[in-house]
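There are 2 protein chains.
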Amino acid sequence: MITGDKFQHDFTVSDEVYTGFLDTFHDHNPLHTNKEFAVSKGFQDRVMHGNILNGFLSYFIGKLLPSEDVIIMQQDIRFHLPVYLNDVLSFSAVIVGVYESVGGVEFKFDFTNTGGKKVAKGKILIGTI
Amino acid sequence: MITGDKFQHDFTVSDEVYTGFLDTFHDHNPLHTNKEFAVSKGFQDRVMHGNILNGFLSYFIGKLLPSEDVIIMQQDIRFHLPVYLNDVLSFSAVIVGVYESVGGVEFKFDFTNTGGKKVAKGKILIGTI
């Protein structure tokens with residue numbers, strides 16, 4: 015893994031993912047579970063939990079890198095636009111720094127919806143173990 | 015919600031949470047699923063996914079605040095120490111800033127294990143909707 019390496023993966027916020035997240039973490043806030051409430055707040059439908067995207071990041075780091083000998087050290091995310099059920103998100107990441115002295119690799123990433131809008135972006139720092 | 019307001023909640027990384035996270039996001043990296051591998055890397059057992067803690071943050075913001083009319087805008091976390099299955103984590107958060115002009119509220123938080131060690135800390139910025 016070297017600076018400039020790029021990664022891409024499509025993640026779908028399927029009903030299985032949404033229901034699995036709800037059943038695991040019990041965040042039944044009405045914004046996420048009640049369409050009428052969400053619409054009353056100006057959204058087109060129930061807004062998916064932002065932390066579903068953080069679950070996708072876990073899969074990216076744990077399963078999609080060239081090495082599985084890694085652990086997440088820091089993770090920052092900014093949410094720009096709402097994500098809805100069944101949205102397909104194009105995830106892109108690029109390595110922006112490699113710190114060999116401490117075995118660290120830093121990524122910048124973003125998630126883009128099928129409308130071409132960036133819904134979230136952030137940074138992850140991993141360590142090699 | 016005003017600056018200085020404090021919140022506390024205990025979260026348990028139960029088998030239901032661990033299995034639910036795995037079944038939802040499929041991050042079967044051996045550090046999280048193979049005790050022999052994790053021990054070979056210097057850990058005492060399988061290391062729980064850091065993003066399980068981000069799921070707990072979703073529940074905190076969505077269900078434990080005085081108002082449910084909120085949405086997460088930014089979320090940053092640093093992982094300091096490994097979390098293991100069945101660990102009980104004491105979550106503490108404090109409001110460090112209220113930005114009335116944009117309806118923003120900023121929290122600092124940490125998770126502490128039963129040994130009194132801080133396993134993770136970070137910041138969340140929410141918006142009121």
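Sequence lines, in order, name chains B and F.
Under the numbering used here, the residues of the first sequence are numbered 15 to 143, in order.
Under the numbering used here, the residues of the second sequence are numbered 15 to 143, in order.
Virtual Cβ for every residue (Gly too), placed ideally from N, Cα, C.
Keep in mind that this is a model prediction, so the values were computed, not measured.
Check the Cβ-Cβ distances between F:H23 and every residue of chain B, and say whether any is below 8 Å. no
Kindly give me the distance between the Cβ atoms of B:T38 and F:F125, rounded to whole angstroms, as I take these residues to be in contact under 8 Å. Not really, about 17 Å apart at Cβ, beyond 8 Å.
Quick one: list the residues of chain B neighbouring F:I140, beta-carbon separation under 7 Å, in chain order. Contact note: F:I140 does not reach chain B at a C-beta cutoff of 7 Å; the least C-beta distance is about 10 Å.
So F:L139 is in the beta strand (DSSP E); what residue range does that whole segment cover? K132 to T142
Assigned secondary structure, F:G76 (DSSP; H/G/I helix, E/B strand, else coil): Helix at F:G76.
Let's test the definition: count the other Cβ atoms within 10 Å of the Cβ of F:N48 and tell me whether it reaches 16, buried, or not, exposed. exposed
Helix, strand or coil for B:G34 per DSSP? helix
Cβ distance (whole Å) where F:Y73 is taken to contact B:H40 below 8 Å: 6 Å
How about B:Q58: is its C-beta nearer than 8 Å to some C-beta of chain F? For B:Q58, the answer is no, since every Cβ of chain F falls outside 8 Å of its Cβ.
Any beta carbon from chain F within less than 8 Å of B:I109's own beta carbon? no
Within the 8 Å Cβ cut-off, does F:M87 reach chain B? yes
For B:T47, the first and last residue of its enclosing beta strand (DSSP E): Counting along the chain, B:T47 falls outside any beta strand (DSSP E), though it belongs to the alpha helix (DSSP H) covering P44 to T47.
Selection from B:F57, B:V97 and B:N68 that minimises the alpha carbon distance to B:F123: B:N68
Would you report the Cα separation of F:V84 and B:G64, rounded to the nearest angstrom? 12 Å
Beta-ladder partner(s) of B:T26, from DSSP: B:V102
Cut-off 8 Å between Cβ atoms - residues of its own chain near F:V61, not counting five sequence neighbours on either side: Around F:V61: L45, H46, A52, P96, V97 and Y98.
Output the distance between the C-alpha atoms of B:S115 and B:I140, rounded to the nearest integer angstrom. If I take the Cα positions, the gap works out to 13 Å.
Can you have a look at F:G76 and say buried or exposed, based on whether 16 or more other CB atoms are within 10 angstroms of its CB? buried
Spatial neighbours of B:L78 in its chain, beta-carbon cut-off 7 Å, leaving aside the 5 residues before and after: Here the set comprises F21 and H23.
Return no unless some Cβ of chain F is closer than 8 Å to the Cβ of B:S72. Between B:S72 and chain F, the shortest Cβ-Cβ separation is below 8 Å.
Could you have a look at F:E120 and say whether DSSP puts it in helix, strand or coil? Three-state result, F:E120: strand.
Quick one: is B:G136 buried, meaning 16 or more other Cβ sit within 10 Å of its Cβ, or exposed? By the neighbour-count rule (16 or more Cβ atoms within 10 Å), B:G136 is buried.
For B:V102 versus B:F121, is the C-beta distance shorter than 8 Å? no
Suppose contacts are defined by Cβ-Cβ distances below 8 Å. Is F:T142 in contact with F:G117 by that definition? yes
Check B:G56 in the structure and name its three-state DSSP category. coil
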